[in-house]
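To start, the structure itself, in structure tokens.
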Amino acid sequence: MIPNTLPQSLLDNPLLSDWVGFEPNGRVRVSTGKVEIGQGILTALVQIAAEELDVDPGRIRTVSGETSAGPNEGVTAGSTSVAMSGAAIRLACAEVRALFLARGAERLGVPAEVLDVEDGRIRRDGQDTGHDYWTLAGEVDLVRPATGGAPAKSPTRYRVVGRNLPRVDLPAKIAGRGFIHDMTTPDLLHARVVHRPWQNARLASLDEAAIRRAAGAPVEILREGDFAAILGERDYAVQRAALTARDKTVWEGGTPLPDDTNSPDWLLAQPARSRTVDTGTPPADDQGEVIEATYWRPFQTYGSIGPSCGLARVDETGHLTVWSHTQNPYALRAQIARALDRSAETVTVLHRQAAGCYGHNTADDVAFDAAFLATRRPGRTVRVLFTREDEFLAAPMGAAMVIRMRAVLDAERRPKSWTIDLASPVHSNRPGSHGHHGLRSREALPNPPPQPAARNDNPDAAGGGASRNAHALYDLPFHRMIHHTVDPVPLRTSSLRGLGAFANIFAIESFMDELAAAAGADAVAYRLALMSDPRARAVIEAAAEMCGWPGTTPVGEGRGLGLGFGRYKNRAAYMAVAAEVEVDERVRLVKIWGAADCGLVITPDGAINQLEGGIIQAASWTLFEELRFSDGKVATAMWDDYPILRFSQVPEIDIRLVGDDRDPPLGVGEAAMGPTAAAIGNAVARALGTRIRSLPLSRDRIMAALLA
107 MIPNTLPQSL
117 LDNPLLSDWV
127 GFEPNGRVRV
137 STGKVEIGQG
147 ILTALVQIAA
157 EELDVDPGRI
167 RTVSGETSAG
177 PNEGVTAGST
187 SVAMSGAAIR
197 LACAEVRALF
207 LARGAERLGV
217 PAEVLDVEDG
227 RIRRDGQDTG
237 HDYWTLAGEV
247 DLVRPATGGA
257 PAKSPTRYRV
267 VGRNLPRVDL
277 PAKIAGRGFI
287 HDMTTPDLLH
297 ARVVHRPWQN
307 ARLASLDEAA
317 IRRAAGAPVE
327 ILREGDFAAI
337 LGERDYAVQR
347 AALTARDKTV
357 WEGGTPLPDD
367 TNSPDWLLAQ
377 PARSRTVDTG
387 TPPADDQGEV
397 IEATYWRPFQ
407 TYGSIGPSCG
417 LARVDETGHL
427 TVWSHTQNPY
437 ALRAQIARAL
447 DRSAETVTVL
457 HRQAAGCYGH
467 NTADDVAFDA
477 AFLATRRPGR
487 TVRVLFTRED
497 EFLAAPMGAA
507 MVIRMRAVLD
517 AERRPKSWTI
527 DLASPVHSNR
537 PGSHGHHGLR
547 SREALPNPPP
557 QPAARNDNPD
567 AAGGGASRNA
577 HALYDLPFHR
587 MIHHTVDPVP
597 LRTSSLRGLG
607 AFANIFAIES
617 FMDELAAAAG
627 ADAVAYRLAL
637 MSDPRARAVI
647 EAAAEMCGWP
657 GTTPVGEGRG
667 LGLGFGRYKN
677 RAAYMAVAAE
687 VEVDERVRLV
697 KIWGAADCGL
707 VITPDGAINQ
717 LEGGIIQAAS
727 WTLFEELRFS
737 DGKVATAMWD
747 DYPILRFSQV
757 PEIDIRLVGD
767 DRDPPLGVGE
777 AAMGPTAAAI
787 GNAVARALGT
797 RIRSLPLSRD
807 RIMAALLA
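Going by our numbering, the letters in the sequence shown line up with residues 107 to 814, in that order.
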């Protein structure tokens, strides 16, 4: 059942007025600290609020990610928005409804139990009483802490939750006014930043005359320390000047990156700190058949379709307002204030939507660039827009991982001892994480704030970073995780969707297939023999049934069926994915099936969209995506250098939701990522008759495997 205990978001933001307010013309304001990045969260939260308040969803106006007008719920990440913000809004709205019913009962002189609410109107025996939320709003004080004492609705009474509601964020986007890129003001000043090519590079010279000639209209060149920016009234002129500046800027010193940066050998040669976590009882006899394998996930980037954009303005009072598509408005506000040496009370961050990045891309960086330049040009709204090349060069990278698996088998050829040994840089350098301000350009300016000497990864209790999903969910008598935090490294790594879960599930589920093959067992049957969790078994069995497992094509005949399973963070949604592929020199995805247990689903279409999107992104990572390095820096500058899955390569996808709506909602955003990679990898292994353990499964790796 859905619990009524206070979720963390309500403990952190206890006032009911932080969450709900009643506005003129029959509107309801519902505030959230979570932000829309394409996942449909605002629609789901509207449904939850409408359900508990008993109002039409069309009455609700959402306020999302505004530090001046909403709760601080931290970062929108980790597939936690419904579980965190949804749970808070559910209980807050249930309590608000109870308070208004109690006040209406006092007015009418009847017990509250005989009243109900219909679209905000208070009724008795189905008849309108003349009272509603808006007429009573002045009599009910919502500036009070939530208690959690008002019962939320039972799922059996839901009328809005569980239905497909039209996405509330789409009309503005379709009309061309829904993204931060569409914002304009009469005092707009356009700007581009000349980014350092590698860590700690020094700006030796800037050919200002050539830059001005290239602009074709007046531009201003601002330089402080190793930071340089170009500003002007005409966007096209600023863009031309910035393109020329890349070629007319000389950088010296710092830490250029070697060409082999994106390789296991380079990663393992870097300094590291190690720890070991044991679960279960070591076997008294560690003798037996030993199976070992090593898997590789390269440095990858975000590939947001729309490049990052930020706007900022310092008004006549000195207050700084920043518009950003950040995933953590409050942390960005704190770190902009820190980086600019001002109090957080003098900064407001307002979230505006953009192309979803599902991780720490350059949204925060471009917001800081705009904020810094706005302090140099008060009274003007400064708009900074990154180019595609900026995105590749300046964005944090998804951390590479080397994962070594080892199992000692018992007499039945099941693991009696299991070890996962992983090496990876840290997976979070968001603004504010681990004492790190996280803003790239601030390091180029004079006197940057101190940074921590060593950077730690996310703790296991918070879901982990590189260790996310490193603990296999199977029934293993003894499980050992050895985690090597590769630090320091001369590049910036941070959160890419799923963090370490993508690579860990790919490795674990690929290894499961290898153990099944060593045991001469069917891969699905082998998994089920090691799995007692009924919800996990249900999604594995459902995916196998959907795809017609095990198929009829013999191993090594160019066509294969594979399966992968995971439960994101071992506490969010369960998902099993099956993939059918054809392989010659390249991999062609024929069809993908997915079975997911998400608990209570607020918007079925939204959940399915999230799972489909995760499958598509994971397929792109698995088959194509890999950063290259040359001349000391990231050499990928355009889509030709960093191919992603094309629309024409997206296969048919079939999703089945198998959860029980009596269970609490589970995060779905990242549930599909690791299982998809494993399913494709296992299918390719069956098609080829040999396994490729390094991602991406590119043409070069396929040809090498075929010629080995």
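A virtual CB, placed ideally from N, CA and C, is assigned to each residue, including glycine.
- Task: With a threshold of 16 other CB atoms inside 10 Å of the CB of Val356, please say whether the residue is buried or exposed.
- Result: Exposed is the call here.
- Task: Taking Phe498 as the reference, give the member of Val246, Met744, Gly144, Leu121 with the closest Cα.
- Result: Of the candidates Val246, Met744, Gly144, Leu121, Met744 places its Cα closest to the Cα of Phe498.
- Query: According to DSSP, what are the bridge partners of Gln406?
  - Reply: Per the DSSP secondary-structure output, Gln406 pairs in a beta bridge with Gly504.
- Task: For His425, count neighbouring Cβ atoms within 10 angstroms of its own Cβ and tell me buried if that reaches 16, exposed if not.
- Result: Taking a 10 Å sphere around the C-beta of His425, we find fewer than 16 other C-beta atoms and assign the residue as exposed.
- Message: Is it buried or exposed, Thr111, if we count other Cβ atoms within 10 angstroms and call 16 or more buried?
- Response: With fewer than 16 neighbouring CB atoms inside 10 Å of its own CB, Thr111 falls in the exposed class.
- Query: How big is the Cα-Cα spacing for Ala316 and Lys354?
  - Reply: Computed Cα separation, rounded: 8 Å.
- Query: To the nearest angstrom, how far is it from the Cα of Pro364 to the Cα of Asp760?
  - Reply: Near 43 Å, if we compare the C-alpha coordinates of Asp760 and Pro364.
- Query: Grouping DSSP H, G and I as helix and E and B as strand, with all else coil, what is Ile143?
  - Reply: Here Ile143 carries a coil assignment [DSSP, helix/strand/coil].
- Message: Please determine whether the Cβ atom of Ala437 lies at a distance below 6 Å from any heavy atom of the ligand GTP.
- Response: This structure lacks the ligand GTP; in fact it carries no ligand of any kind.
- Decide if Gln393 is buried, meaning its Cβ has at least 16 other Cβ atoms within 10 Å, or exposed. Exposed.
- Message: Going by DSSP in three states, Gln114 sits in which element: helix, strand or coil?
- Response: If DSSP states are grouped into helix, strand and coil, Gln114 belongs with the helices.
- Query: Hey, which unbroken runs of the beta strand (DSSP E) at 3 residues or more fall wholly within the segment 128-174?
  - Reply: Every unbroken stretch of the beta strand (DSSP E) spanning 3 or more residues and falling wholly within the segment 128-174 is given here in chain order: 133-138, 166-170.
- Quick one: residues in its chain with C-beta nearer than 6 Å to the C-beta of Ala307, no 5 flanking neighbours on either side, listed in chain order? Trp357, Gly360.
- Message: Given this structure, state the Cα-to-Cα distance separating Trp125 from Ala258, to the nearest angstrom.
- Response: Taking the CA atoms as reference points, Trp125 sits about 16 Å from Ala258.
- Please state if the CB of Phe617 and the CB of Glu511 are separated by a distance shorter than 7 Å. According to the sequence shown, residue 511 is Met rather than Glu. Their beta carbons are under 7 Å apart, which means Met511 touches Phe617 by this criterion.
- Residue of Met507, Arg340, Phe206, Arg329 minimising C-alpha distance to Trp402: The residue with the shortest Cα to Cα distance from Trp402 is Met507.
- Three-state secondary structure (DSSP) of Gln393: Looking at Gln393 - three-state DSSP - the assignment turns out to be coil, as it is neither helix nor strand.
- Secondary structure, alpha helix (DSSP H): runs of 4+ residues fully inside the segment 424-486: For the segment 424-486, whole alpha helix (DSSP H) runs of length 4 or above, ordered along the chain, are 435-445, 469-482.
- Assigned exposure category for Met107 - 16 Cβ within 10 Å defines buried: Confidence at Met107 is low in this model, with a pLDDT of 41, below 50, so its placement is unreliable and no value can be given for it.
- Item | Spatial distance of Phe612 from Ala783 (CA atoms) | Spanning the two alpha carbons is a distance of roughly 6 Å.
- May I ask you to list the residues that DSSP assigns as paired with Asp222? Beta bridge pairing from DSSP links Asp222 with Arg229.
- Would DSSP call Val202 helix, strand or coil? For Val202, the three-state secondary structure derived from DSSP is helix.
- Task: Taking only the alpha-carbon atoms, compute the straight-line gap between Asp690 and Val756 and give it to the nearest angstrom.
- Result: Looking at the two C-alpha atoms, the distance is approximately 18 Å.
- Message: Between the segment 275-292 and the segment 528-543, can you find at least three pairs of beta-carbon atoms closer than 8 Å?
- Response: Touching, no.
- Task: Per DSSP, which residues does Ala550 bridge with? Please list them.
- Result: Beta-bridge partners assigned by DSSP to Ala550: none are found.
- Message: Let's see if you can read the secondary structure: which residues bound the beta strand (DSSP E) around Pro521?
- Response: According to the DSSP assignment, Pro521 belongs to the beta strand (DSSP E) that extends over 521-530.
- Report the three-state DSSP secondary structure of Asp238 (helix, strand or coil). Of the three classes helix, strand and coil, the one that applies to Asp238 here is strand, per DSSP.
- Report back the beta-carbon spacing between Ile166 and Ala156 to the nearest angstrom; my notes put them in contact at under 8 Å. About 6 Å separates the two Cβ atoms, so the contact holds.
- Query: Could you give the uninterrupted runs of the alpha helix (DSSP H) lying entirely in the segment 767-797, keeping only those of 4 residues or more?
  - Reply: Segments of the alpha helix (DSSP H) lying fully in the segment 767-797: 779-794.
- Task: Evaluate Met809 with the Cβ neighbour count: other Cβ atoms within 10 Å of its Cβ, from every protein chain shown; 16 or more gives buried, anything less gives exposed.
- Result: Sixteen is the threshold: since fewer than 16 other Cβ atoms of the shown chains lie within 10 Å of the Cβ of Met809, the residue is exposed.
- Item | Sequence-distant residues of its chain with Cβ nearer than 6 Å to Gly127 (five each side left out) | Counting only Cβ-Cβ distances below 6 Å, and skipping sequence neighbours, we find Arg135.
- Task: Output yes or no for whether 7 Å exceeds the beta carbon distance between Asp475 and Ser547.
- Result: The answer is yes: Cβ separation under 7 Å.
- Query: What's the call for Ile280, buried or exposed, on a 16-neighbour Cβ count within 10 Å?
  - Reply: Burial is judged here by how many other beta carbons sit within 10 angstroms of a residue's own beta carbon; Ile280 has fewer than 16 and is exposed.
- Task: Let me know if Gln233 comes out buried or exposed under the rule of 16 or more other beta-carbons within 10 Å of its beta-carbon.
- Result: By the 10 Å Cβ count, Gln233 comes out exposed.
- Message: Looking at the secondary structure, which residues open and close the beta strand (DSSP E) in which Ala682 lies?
- Response: Going by DSSP, Ala682 is part of the beta strand (DSSP E) stretching over 680-689.
- Task: Compare the C-alpha of Arg792 against each of Pro558, Ala622, His585, Pro388 and name the closest.
- Result: Nearest neighbour of Arg792 by Cα position, chosen from Pro558, Ala622, His585, Pro388, turns out to be Ala622.
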